[in-house]
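Enquirer: Just dropping this structure here.
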Amino acid sequence: MSLSKIAKLIIFLIGLGLLFFLIYRVGPSEIVKAFSEAKLYYIVSAVFVYILLIATRSLKWFLMVRIFENKIKYRQFLPIYLFNSLMGSITPLKSGEAITPVLFNKYFKIPVGRGFSVIVLDRFFELAIFTLVLTASIVYILNSGIQNDLLLRFFRGALAVIFLALFLMVAALISKRITLRMLKFFRIIRFAEKETDAFYDALPLLKNKKAYLFLTPLTVLCWFFEISSSYLMYNSVFPAPFLISASISMVTGAATFATFIPGGIGVIEVGVAYLFGLFGYSTVSAASSVILARVFLTGTLFISGLLGLIFVNYFKKDRMTANPALKK
2 MSLSKIAKLI IFLIGLGLLF FLIYRVGPSE IVKAFSEAKL YYIVSAVFVY
52 ILLIATRSLK WFLMVRIFEN KIKYRQFLPI YLFNSLMGSI TPLKSGEAIT
102 PVLFNKYFKI PVGRGFSVIV LDRFFELAIF TLVLTASIVY ILNSGIQNDL
152 LLRFFRGALA VIFLALFLMV AALISKRITL RMLKFFRIIR FAEKETDAFY
202 DALPLLKNKK AYLFLTPLTV LCWFFEISSS YLMYNSVFPA PFLISASISM
252 VTGAATFATF IPGGIGVIEV GVAYLFGLFG YSTVSAASSV ILARVFLTGT
302 LFISGLLGLI FVNYFKKDRM TANPALKK
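In terms of this note's numbering, the sequence shown opens at residue 2 and continues consecutively.
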């Protein structure tokens, strides 16, 4: 087993350990009791909003891919997106999405470099809007009278990591030389070095005004759906104000980003319980609600990803029938 795989396994086990530690401290019986008393209509609403989130993100990616290949149909694209989304969610920093360009090339004959341009631009918009909302969330928490040295140190560290990631993305978007140096330094995805020409040839297509007209509002809508699904899930167990829920969701999301733990498992649960506790809410209720969210929302993502995997081959055959040139 390679060192990178060992490191990923260790990181995942740390997250899993945090989750089990939280369950132990809160008490399994208390969590089961909270589950049994949870309001079903809030849970159903949260799952519905989360499905809207998946659909909106898939539409955003579909519209970007259509810039390169306008013959692609949404029903052909959706299964590939769902599987790709699952891969991204179970890997640190959504690194599983590195397979996206390969999938685009295999099923739609889009050059790998162009596929990377879609990922980079999407991540840039996602991270830029996330940073703005996270900053507002931090200001809200601090103005609410929450003063905690550990929390302040985390805020500074998380913002530093996120701004560094934004800087690297901007550098990748504007400089081919810097991109090649980064690829060489990190020693990852070496084959991407051969695809840099296609990557930079594709960027002007994605920089047109039409791309921004749908990319910005859809990204904002995605974050709204993500925050709202968590808010509804928290409220299935205890009444949590929207602004507090949203702020906590953004801060724990930053913790996921900064710690590299796949899917934020353990980190999100501990973070939500801890932060709601600082606001004076029951740690037991907060922990129960976020574990409930893990079961239903992550479960929805897994089911959609598995369905995507099942239908990928079916729609590949359908596309080949419609376009025999893809068989070559």
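C-beta: ideal position from N, C-alpha, C; glycine also.
Bear in mind that the values here come from a model prediction, so they are computed numbers and not experimental data.
With DSSP run on the structure shown, which of helix, strand or coil describes residue 73?
Expert: coil
Enquirer: Give me the Cβ distance between residue 287 and residue 277, rounded to the nearest whole Å; I'm assuming they're in contact under 8 angstroms.
Expert: 4 angstroms
Enquirer: In chain order, what are the residue ranges of uninterrupted alpha helix (DSSP H) at least 4 long that sit wholly in the segment 236 to 296?
Expert: 243 to 260, 268 to 279 and 284 to 294
Enquirer: Roughly how many whole angstroms lie between the Cα atoms of residue 57 and residue 74?
Expert: C-alpha separation (whole angstroms): 16 angstroms.
Enquirer: Going by other Cβ atoms of all chains shown within 10 Å of its Cβ, with 16 needed for buried, is residue 85 buried or exposed?
Expert: Its Cβ being crowded by 16 or more others within 10 Å, residue 85 is buried.
Enquirer: Near residue 59, what residues of its chain come up, given a Cβ to Cβ distance below 6 angstroms and the 5 sequence neighbours on each side ignored?
Expert: If we look at residue 59 and ignore the five residues flanking it on each side, its Cβ neighbours are 79 and 82.
Enquirer: Roughly how many angstroms separate the alpha carbons of residue 248 and residue 142, rounded to a whole number?
Expert: Spanning the two alpha carbons is a distance of roughly 7 angstroms.
Enquirer: Helix, strand or coil: how does DSSP classify residue 68 here?
Expert: coil
Enquirer: First and last residue of the alpha helix (DSSP H) that includes residue 114?
Expert: 113 to 144
Enquirer: Give me the residue from 112, 38 and 16 with the minimum Cα distance to residue 234.
Expert: When only C-alpha atoms are compared, the closest one is 38.
Enquirer: Determine the contact status of residue 267 and residue 253, defining contact as a CB-CB distance below 7 angstroms.
Expert: The answer is no: Cβ separation not under 7 angstroms.
Enquirer: Kindly indicate which three-state DSSP category residue 35 falls into: helix, strand or coil?
Expert: Taken through DSSP and simplified to helix, strand or coil, residue 35 comes out as helix.
Enquirer: Three or more C-beta pairs under 8 angstroms: does that hold for the segment 23 to 30 against the segment 214 to 225?
Expert: no
Enquirer: Identify, in the order they occur along the chain, each residue of the same chain with its Cβ nearer than 6 angstroms to the Cβ of residue 291, setting aside the five sequence neighbours on each side.
Expert: 270 and 273
Enquirer: Look up residue 16 in the DSSP assignment and say whether it is helix, strand or coil.
Expert: helix
Enquirer: Out of 243, 309, 90 and 30, which one is the CA nearest neighbour of residue 285?
Expert: 30
Enquirer: Looking at C-alpha atoms only, which residue of 63, 107, 136 and 89 is the closest neighbour of residue 161?
Expert: Ranked by how close their Cα comes to the Cα of residue 161, the residues 63, 107, 136 and 89 have 136 in first place.
Enquirer: Between the C-alpha atoms of residue 232 and residue 53, what's the straight-line distance to the nearest angstrom?
Expert: 15 angstroms
Enquirer: Assuming residue 55 and residue 305 make a contact with CB atoms under 8 angstroms, what is their CB distance in whole Å?
Expert: 6 angstroms
Enquirer: Taking all protein chains shown into account, decide if residue 16 is buried (16 or more other Cβ within 10 angstroms of its Cβ) or exposed.
Expert: Per the 10 Å Cβ criterion, buried.
Enquirer: Under the assumption that residue 230 contacts residue 50 (Cβ atoms under 8 angstroms), give the Cβ distance between them as a whole number of angstroms.
Expert: Their Cβ separation, rounded to whole angstroms, is 4 angstroms, which keeps residue 230 and residue 50 in contact under 8 angstroms.
Enquirer: Are the beta-carbon atoms belonging to residue 118 and residue 251 less than 7 angstroms from one another?
Expert: no
Enquirer: Considering residue 107, what are the terminal residues of the alpha helix (DSSP H) in which it resides?
Expert: If you look at residue 107, you'll find it in the alpha helix (DSSP H) that goes 101 to 109.
Enquirer: Which whole-angstrom value is the C-beta distance of residue 116 and residue 105, which I expect to be below 8 angstroms?
Expert: Their Cβ separation, rounded to whole angstroms, is 4 angstroms, which keeps residue 116 and residue 105 in contact under 8 angstroms.
Enquirer: Is DSSP giving residue 61 helix, strand or coil here?
Expert: In the structure shown, residue 61 sits in a helix (DSSP, three-state: H, G or I).
Enquirer: Rounding to the nearest angstrom, what Cα-Cα distance links residue 238 and residue 13 in this structure?
Expert: 27 angstroms
Enquirer: Taking only three categories from DSSP, how would you classify residue 28?
Expert: coil
Enquirer: Given this structure, state the Cα-to-Cα distance separating residue 236 from residue 282, to the nearest angstrom.
Expert: Cα-Cα distance, rounded: 12 angstroms.
Enquirer: By a C-beta neighbour count over all protein chains shown, 10 Å radius and 16 as the cutoff for buried, is residue 217 buried or exposed?
Expert: It is exposed - the Cβ of residue 217 has fewer than 16 other Cβ atoms within 10 Å.
Enquirer: For residue 122, which option in 18, 228 and 62 has the closest C-alpha, if you only look at C-alpha atoms?
Expert: 62
Enquirer: Compare the C-alpha of residue 163 against each of 131, 140, 20 and 100 and name the closest.
Expert: Nearest option by C-alpha distance: 131.
Enquirer: Between the alpha carbons of residue 303 and residue 87, how many angstroms are there, rounded?
Expert: 6 angstroms
Enquirer: Express the C-alpha separation of residue 32 and residue 77 in angstroms, rounding to a whole number.
Expert: 41 angstroms
Enquirer: Classify residue 293 as buried or exposed, calling it buried when 16 or more other Cβ atoms lie within 10 Å of its own Cβ.
Expert: buried
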